[in-house]
Amino acid sequence: MPQNLVAATVDLDVPLPGHLPVPARADLRAWIGHLDALGVKNSGGLRGIIGWVLVFRDPDGLAVRLHTREHHEFDEARADVDSRWLRLSADAEVVDAKP
Numbered sequence: 004m005p006q007n008l009v010a011a012t013v014d015l016d017v018p019l020p021g022h023l024p025v026p027a028r029a030d031l032r033a034w035i036g037h038l039d040a041l042g043v044k045n046s047g048g049l050r051g052i053i054g055w056v057l058v059f060r061d062p063d064g065l066a067v068r069l070h071t072r073e074h075h076e077f078d079e080a081r082a083d084v085d086s087r088w089l090r091l092s093a094d095a096e097v098v099d100a101k102p
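If you count the sequence shown from 1, you need to add 3 to reach the numbering used here.
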C-alpha cells in the first residue's frame, strides 16, 4: 500500500467505526486500484450526495467505507443511493429498507 494512502486515512476524529476519510477523489481512485490489484471486491467510486465513497469488506467481513473530504455540489438525484454497497451494515449484512 502506498505510504501516502496510509497517512491519508488516519483520522482520530472519525465519529463512526468503519468510516475513514481520504482527502480527495484521486486518493479514492488510488485505493480502488490498490484493492483491485489485491483482488478485493469493492464498490468502485460511488457518487454520494456531497462527495465520493468506496466500500469494501475487511478480512473479518466488516464493511469499511472510505469517503472523500473533497465535495462536489449537493445533488441527491445523481447520487448512487441505490447501490447495494451503500446498504451494507457495519457487520456487512445487506440492510434494505425498501419494501
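From the three backbone atoms N, C-alpha and C, an ideal C-beta is built for every residue, glycine too.
The structure presented is a predicted model; accordingly, all values stated were derived computationally and were not measured.
On the CB-based measure, 16 or more other CB atoms within 10 Å of its CB, does residue i come out buried or exposed?
i, result
"D85", "exposed"
"H74", "exposed"
"D61", "exposed"
"A29", "exposed"
Restricting to Cα atoms, I'd like to know which of the options is closest to residue i.
i, options, result
"H22", "V43, D30, R28, V56", "V56"
"R83", "L65, R50, D63, H70", "The amino acid at residue 83 is misidentified as Arg; the sequence shows Asp. If we check each option's Cα against that of D83, R50 comes out closest."
"L31", "G48, V43, G42, L41", "G48"
Once you ignore the five residues that flank residue i on each side, which residues in its own chain have a CB closer than 8 Å to its CB?
i, result
"R68", "G21, H22, L23, V56, L57, V58"
Enumerate in chain order the residues of its own chain whose CB-to-CB distance from residue i is below 7 Å, with the five nearest sequence positions on each side excluded.
i, result
"L38", "N45, F59"
"F77", "I52, I53"
Task: alpha helix (DSSP H) runs contained entirely in the segment 24-68, provided each spans 4 or more residues - done: Within the segment 24-68, the complete alpha helix (DSSP H) segments at least 4 residues long are 28-41, listed from N- to C-terminus.
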